[in-house]
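Colleague: The structure follows.
In the numbering used here, the protein residues as written are 3 to 353.
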């Protein structure tokens, strides 16, 4: 998703007399953050003001030490001040210079998004987003691999967003990436600055095998702190401001309001196994649905018993080429994304 919100003819002007800092920032924007646009570095406000192109820059990022009266009166249309003091100013818009460069880059990207793009990203033109919940009480059953493979298969024809609700997903390590924030940041924007959520979501979204996904929570403490009402509100906003056709939720018991989230799903996929412990866990889960009056979840649940696979792709960006992907495709062919699927083994009553 890097760079999708920025046009190639965008111009960013960075002005700071601290050449070492400014050089690192510009290099990060060009390399690590992969900004596709032109970025010019100025070491003095005078030089910045003498450049006629800088006056037309889409964004001017200037250190507080270079924000002279002349710079303040230059009439830059879009300006971000790198605050070098301990107290943030009321105006112009400013952020602390001494936070991580990654955070500053995120802020710069959002500032560069034009007002027109922000409006367009807030409008949904397609139909409603289909929610697919994947949850099983059975442990070590390839739930996350299944979820991501399903997402990548659907992503070949549709716009798909994947969300992971594990306490320790390990996705950053598996993909060898440093994520930009986590879903908790979206929770914050959804509650405190909803008009900025679309841009923030676009900045944070990652991609794997053609499927988009949001960086998961960094710990179970962070995950458990999110209330079910906050999840519900965030999902409604995502549906409203994006064009995703499918949302795949890889759910766990660490999620507050798990059953309520499953109830909002159009389809629920539950992976089952035939061993004694797995059967016992599944039937206990069924009993819970019955006792808590959530039996309607079972009505839209499709149970999948996966065969033993000789090999699963090691990389999370190449899941559509494995045996699991072949199996999922075969099952999906029995109905539109599993609506007609029924478990093909004895011993499991899934009616």
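Positions of the beta carbon are idealized from the N, C-alpha and C atoms, including for glycine.
Give me, in chain order, the residues of the same chain whose beta-carbon lies closer than 8 Å to that of residue 90; leave out the 5 immediate sequence neighbours on both sides.
Modeller: Cβ within range, chain order: 96, 97 and 98.
Colleague: Which residues mark the beginning and the end of the alpha helix (DSSP H) in which residue 23 is found?
Modeller: Where residue 23 is concerned, the enclosing alpha helix (DSSP H) stretches over 21-32.
Colleague: Pull up the CB-CB distance for residue 250 and residue 136, whole angstroms please, since I reckon it's below 8 Å.
Modeller: About 7 Å; that satisfies the 8 Å criterion.
Colleague: Consult DSSP for residue 295 and reduce its assignment to one of helix, strand or coil.
Modeller: Here residue 295 sits in coil by DSSP.
Colleague: I'd like to check one pair, residue 164 with residue 213: are the Cβ atoms closer than 7 Å?
Modeller: Cβ distance < 7 Å, so residue 213 and residue 164 count as in contact.
Colleague: Which ranges would you report for the beta strand (DSSP E) in the segment 143-209 if only whole runs of at least 3 residues count?
Modeller: Within the segment 143-209, the complete beta strand (DSSP E) runs of at least 3 residues are 162-166.
Colleague: If you count every other CB in all the chains shown that lies within 10 Å of the CB of residue 218, and 16 or more means buried, which is it?
Modeller: That one is buried.
Colleague: Does DSSP put residue 113 in a helix, a strand or coil?
Modeller: Three-state DSSP puts residue 113 in a helix.
Colleague: With 16 other CB atoms within 10 Å as the buried threshold, where does residue 194 fall?
Modeller: Flag for residue 194 reads exposed.
Colleague: Taking residue 73 as part of the alpha helix (DSSP H), name the residues at either end of that continuous run.
Modeller: It spans 71-74 - the alpha helix (DSSP H) in which residue 73 sits, taken as one unbroken run.
Colleague: Note down the Cα distance separating residue 129 from residue 234, rounded to an integer number of angstroms.
Modeller: For residue 129 and residue 234, the distance between alpha carbons rounds to 19 Å.
Colleague: If you pair each beta-carbon of the segment 54-61 with each one of the segment 76-90, do three or more pairs fall below 8 Å?
Modeller: The segment 54-61, when compared against the segment 76-90, does touch it at the 8 Å Cβ threshold.
Colleague: Enumerated in chain order, which unbroken segments of the beta strand (DSSP E) with a length of 3 residues or greater are wholly contained in the segment 212-246?
Modeller: Taking only runs of at least 3 residues, the beta strand (DSSP E) segments lying wholly in the segment 212-246 are 213-215.
Colleague: Is there a Cβ of chain D sitting closer than 7 Å to that of residue 31, yes or no?
Modeller: Among the chains in the structure shown there is no chain D, since it carries only a single protein chain.
Colleague: So, for residue 215: in the same chain, excluding its five sequence neighbours on each side, which residues have a beta-carbon less than 6 Å away from its beta-carbon?
Modeller: Excluding residues within five positions, the ones whose Cβ falls inside 6 Å are 164 and 208.
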